[in-house]
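K.L.:
After the structure tokens below, expect a handful of questions from me.
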Amino acid sequence: MVRLGSYYVGGSSSPTVIVVSEDLRYWYPLYVDASIPGYNHFVSVEVLGDKIVATTGRELLILSSDDVREALRRKPILTPYGAYFDRVRGAAYMVRRGLWRFWV
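Residue numbers (the numbering used here): 24 to 127.
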């Protein structure tokens, strides 16, 4: 993961994806390639000046800050998982079983 101004840019190897984020919580796709089966060892992202240079094993991508702004207008592909229902269900289980006494 690298930083370009106020943006964070990273890559994933399975599937091959280059993503961008403003706050490290919501990630937006810059480039997606699902044609490479398995794990791709050749994904790399670097920043040179105001450009993002990324390799995917098959392609060399040069992306500008305009591409980043355009990607941030799309729907995010990675979002935080709250698991609120699971937490409430776990707390109810602890109260029902009387296991809360061990935490006090």
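Note that beta-carbon positions come from the ideal geometry of N, C-alpha and C, so glycine has one too. Quick caveat: nothing in here was measured; it's all calculated off a predicted structure.
Among F65, G80 and L84, which has the Cα closest to the Cα of L71?
P.N.:
L84
K.L.:
If we count the other Cβ atoms within 10 Å of its Cβ and call it buried at 16 or more, is Y30 buried or exposed?
P.N.:
buried
K.L.:
Does DSSP put E45 in a helix, in a strand, or in coil?
P.N.:
coil
K.L.:
So L101 and V42 are supposed to be a Cβ contact under 8 angstroms. How far apart are they, rounded?
P.N.:
7 angstroms
K.L.:
Using 10 angstroms around the beta-carbon of G34, count the other beta-carbons present and answer buried if the total reaches 16, otherwise exposed.
P.N.:
buried
K.L.:
Could you check if V55 is buried or exposed, using at least 16 other CB atoms within 10 Å of its CB as the buried criterion?
P.N.:
Result: exposed.
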